[in-house]
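Residue numbers (this note's numbering): 974 to 1264. Backbone N, C-alpha and C define an ideal beta-carbon position, used for all residues, glycine too. This structure is a prediction, so every number in the text was calculated from the model and none was measured.
Encoded structure:
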């Protein structure tokens, strides 16, 4: 993708299937309503609210109404790194899990001005300082989001060490989920007890470690089941189940549907519990790829 792009999204542009986000994205809701699932968290976006999606997160858009109008700012992993270079790692971690905020009317108006300024600077590609101005505009918008999160951050109980352990846990789960789904494995890998890991994950993410592992595994399985090139048996092997029957029992235990029922449904609207994902694929109106 381009390093930064802006897209206007209406109901017709909302994706219908969950998958892993390949880039970062800021979504601003101007009107209407939509429910978004991001890595097992549910967010309700209404006029004046915004949410941030990080690369590799699992996303699902659903329950959007006809009045929906969103502005999406999408950016590459490299651009996201540039935006966050001056932020403490624990605050970035916190923002990954508390990445939705609502703006008062006057603040929402200010955000709209920021968005219009960013669009103007994207189009002004003859400017000698085009790159620098784009980065500054995007960073102003990000600071508005981060300021809201920091107000919450200052009142939370988890320590920096807790957030760092959570980050390491999530990173290992994302890497090893196809082979390992036990809390013991991840606790051993992190050199902590199962009890301590479960306590920290519950404190920072709102789920027990086992719930988070199973929910994330189901998300990965749902994405794999969308592939027309993989049979149910191949998906079972991909996740190191001994046979398709064991895979089917695990999947049905957590979703109430067999893998074949989920695949044959052809839509997510009736088969998605509160743990799934998606990314926007509407064509970009403005792009910036010269950073």
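| Check | Outcome |
| --- | --- |
| Please classify residue 1179 as buried or exposed, where buried requires at least 16 neighbouring CB atoms within 10 angstroms. | exposed |
| Just curious, the alpha helix (DSSP H) that residue 996 is in, first and last residue? | Note, residue 996: premise wrong, no alpha helix (DSSP H); not H, not E. |
| Apply the 10 Å Cβ neighbour rule to residue 1243 and answer buried if 16 or more other Cβ atoms are within range, or exposed otherwise. | Annotation note: pLDDT 40 at residue 1243 (below 50); position unreliable, coordinate value reported separately. Exposed, because fewer than 16 other Cβ atoms sit within 10 Å of the Cβ of residue 1243. |
| Please confirm whether residue 978 and residue 1022 have their CB atoms less than 7 Å apart. | no |
| Contact between the region 986 to 997 and the region 1027 to 1046: three or more CB pairs below 8 Å? | yes |
| Have a look at the DSSP bridge pairing and note the partners of residue 992. | 1032 |
| What does DSSP give as the partner residues of residue 1016 in its beta bridges? | 1009 |
| Specify, as a first and last residue, the run of the beta strand (DSSP E) that residue 1023 falls within. | 1022 to 1026 |
| Can you tell me whether residue 1061 is buried or exposed? The criterion is at least 16 other CB atoms within 10 Å of its CB, across all chains shown. | exposed |
| Between the C-alpha atoms of residue 1206 and residue 1237, what's the straight-line distance to the nearest angstrom? | 15 Å |
| Closer than 8 Å by C-beta to residue 1122: which residues in its own chain qualify, once you throw out the five before and the five after it? Chain order, please. | 1064, 1067, 1068, 1071, 1072, 1074 |
| Which two residues bound the contiguous alpha helix (DSSP H) that contains residue 1135? | 1133 to 1149 |
| Which of the three DSSP states is assigned to residue 1177 in this structure? | helix |
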